[in-house]
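Heads up: the sequence shown at position 75 corresponds to 75 in full-length UniProt numbering, and the numbers run straight through without jumps.
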Amino acid sequence: PHRDICKSWVGKNSSSWVLCRCNNSWLVRHNGKEAVVEPSPHLRRVGVLLDYDGGSLAFHDAVSSQHLYTFDIAFAQPVCPVFSVWNKCLTVLSGLPIPDHLENVDLDN
């Protein structure tokens, strides 16, 4: 029943861009189209780089710096990130300094 769950979410219209894992494949989706991406076998951290003025949204493996996919976009509205994780942990880093109380937290466990 859950095998097509990603298809029912964002990525089906012209105002959303998605990197998701469905079954054992990694996909990017936008405007109802999708493409397979091939990250390292144990992708654990994803970098999302938005250049609003330059018109690009890029996904990278944040550990190995491997480029996964870049969307070229002419943004017409503000961009709102959406994150969803099934049965795992999600940590969002904004590029700002890590708060002191989180400096020594082990993000791998």
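Backbone N, C-alpha and C define an ideal beta-carbon position, used for all residues, glycine too. Keep in mind the model is a prediction, meaning the values are calculated, not measured.
Just how far apart, CA to CA, sit S40 and V63? The residue you call residue 40 lines up with position 40 of the sequence shown. The residue you call residue 63 lines up with position 63 of the sequence shown. So the two alpha carbons sit approximately 10 Å from each other.
When DSSP builds the beta bridges, which residues end up paired with F55? By 1-based counting over the sequence shown, the position of residue 55 is 55. According to the sequence shown, residue 55 is Gly rather than Phe. Partner(s): none; G55 has no beta bridge.
Let me know the secondary structure DSSP gives C89 once reduced to three states. For the purposes of this step, residue 89 is identified with residue 89 of the sequence shown, where counting begins at 1. DSSP places C89 in coil when its eight states are reduced to three.
How big is the Cα-Cα spacing for C20 and W26? Taking the first residue of the sequence shown as 1, we reach residue 20 at position 20. Taking the first residue of the sequence shown as 1, we reach residue 26 at position 26. Roughly 6 Å separates the two Cα atoms.
C-alpha distance - A58 paired with V28, whole-angstrom precision: In the sequence shown, counting from the first residue as 1, residue 58 sits at position 58. In the sequence shown, counting from the first residue as 1, residue 28 sits at position 28. Approximately 11 Å between the Cα atoms of the pair.
Between the CA atoms of G47 and C80 - distance to the nearest angstrom: Here residue 80 refers to the residue found at position 80 of the sequence shown. Here residue 47 refers to the residue found at position 47 of the sequence shown. Using only the alpha carbons, I get a separation of about 16 Å.
Below 8 Å on the Cβ atoms is my contact criterion, and I expect Q77 with S16 to pass it. Report the Cβ-Cβ distance as a whole number of Å. Here residue 77 refers to the residue found at position 77 when the sequence shown is read from its first residue. Here residue 16 refers to the residue found at position 16 when the sequence shown is read from its first residue. 11 Å between Cβ atoms; not a contact.
Quick check on the burial criterion: 16 or more other C-beta atoms within 10 angstroms. Buried or exposed for L107? Reading the sequence shown from its first residue, position 107 is the one you call residue 107. For L107, the pLDDT reaches just 45, beneath the cut-off of 50, and the residue's location in the model is therefore unreliable, although a value from the coordinates is still provided. Counting Cβ neighbours within 10 Å, L107 comes out exposed, since fewer than 16 surround it.
Give me the Cα-Cα distance between D51 and N24, rounded to the nearest whole angstrom. Taking the sequence shown and counting its residues from 1, one reaches residue 51 at position 51. Taking the sequence shown and counting its residues from 1, one reaches residue 24 at position 24. Whole-angstrom Cα-Cα distance: 29 Å.
Proximity winner among L49, I73, F71, G54, relative to S65 (alpha-carbon distances): The count along the sequence shown starts at 1 and reaches residue 65 at position 65. Selected option, being the one with the closest Cα: L49.
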